[in-house]
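Have a look at the structure below before the remarks.
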Amino acid sequence: MKRPVTLSARDREELIRLTTTGVRPASVIRRARVLLALDTS
15 MKRPVTLSAR
25 DREELIRLTT
35 TGVRPASVIR
45 RARVLLALDT
55 S
């Protein structure tokens, strides 16, 4: 069963920061981008 993803403003900012700054594993960046794309807020 799929559940809607609702991110708080703080969560959204953190995920955006993860995807745009620093060096991170591709899996972390991919997961952050998926969560941002699924956000319904």
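Our numbering numbers the first residue of the sequence shown as 15 and each following residue consecutively.
Ideal Cβ placement from N, Cα and C applies to all residues, glycine included.
Computed from a predicted model, the values in this text were never measured in an experiment.
What did DSSP end up calling Val12 once you bin it into helix, strand or coil? As shown, the chain starts at 15 and ends at 55. That puts residue 12 outside it, with no answer to give.
Quick check on Val37 - is its C-beta less than 9 Å from some C-beta in chain C? The chain inventory of the structure shown lacks chain C, comprising one protein chain alone.
In whole angstroms, give me the CA-to-CA distance for Arg24 and Val48. Position 10 of the sequence shown, counted from the start, is the residue given in the question as residue 24. Position 34 of the sequence shown, counted from the start, is the residue given in the question as residue 48. Distance between the alpha carbons of Arg24 and Val48: 17 Å.
Tell me whether the beta-carbon of Arg54 lies closer than 9 Å to the beta-carbon of Thr20. One-based indexing of the sequence shown puts residue 54 at position 40. One-based indexing of the sequence shown puts residue 20 at position 6. For the sequence presented, residue 54 should be read as Thr rather than Arg. For Thr54 and Thr20, yes; Cβs fall inside 9 Å.
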